[in-house]
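This report concerns only the one structure given below.
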């Protein structure tokens, strides 16, 4: 099992990869690579889109650096990310059923076709399972 942390930053004109080795109290940066994303040719093909050009650069970096089995963290611009909490009336569903329900609900929430995006979800603990928190500036009751 690999023991490195890989950070990827997809920039407007370059792709950056940082490689770190985790330690007991700190991580050590062991490598940094920046590759230019080729400019668009203007022919309008799918291969000319930014995503395709950046994907080719990332694939080549993964191959060159042999990082295909490491933990990868990706920086994505905030205007490309949606975060939304969904509430459902049912409690215990299998993961596959929940995935279908989330997909159906997202179609009504996000302004992008589901085929054009990648989404992930995690179930949040219920209020009964979460520890009670005092509001800011409030002290817990004395006993």
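Residue numbers (the numbering used here): 65 to 207.
Glycine included, C-beta positions come from ideal geometry on N, C-alpha and C.
If you're wondering where the values come from, they're calculated on a predicted model, not measured in any experiment.
Item checked: Terminal residues of the alpha helix (DSSP H) in which residue 160 lies -> First-last of the alpha helix (DSSP H) with residue 160: 159 to 170.
Notebook entry, point to check: Starting from residue 96 and walking both ways along the beta strand (DSSP E), at which residues does that stretch end?
Noted result: In the DSSP assignment, residue 96 falls within the unbroken beta strand (DSSP E) covering 91 to 100.
Checklist line | Which of helix, strand or coil DSSP assigns to residue 114 | finding: In the structure shown, the three-state DSSP call for residue 114 is helix.
Next item on the list: Would you please verify whether the beta carbon of residue 113 is less than 8 Å from any beta carbon of chain D?
Entry: No chain D appears in this structure, which consists of one protein chain only.
Next item on the list: Counting only the same chain and skipping the five closest in sequence on each side, list residues whose C-beta sits under 8 Å from that of residue 78.
Entry: Result list for residue 78: 98, 99, 100, 101, in chain order.
Check: Taking all protein chains shown into account, do 16 or more other C-beta atoms lie within 10 angstroms of the C-beta of residue 118, making it buried, or fewer, making it exposed?
Finding: Buried.
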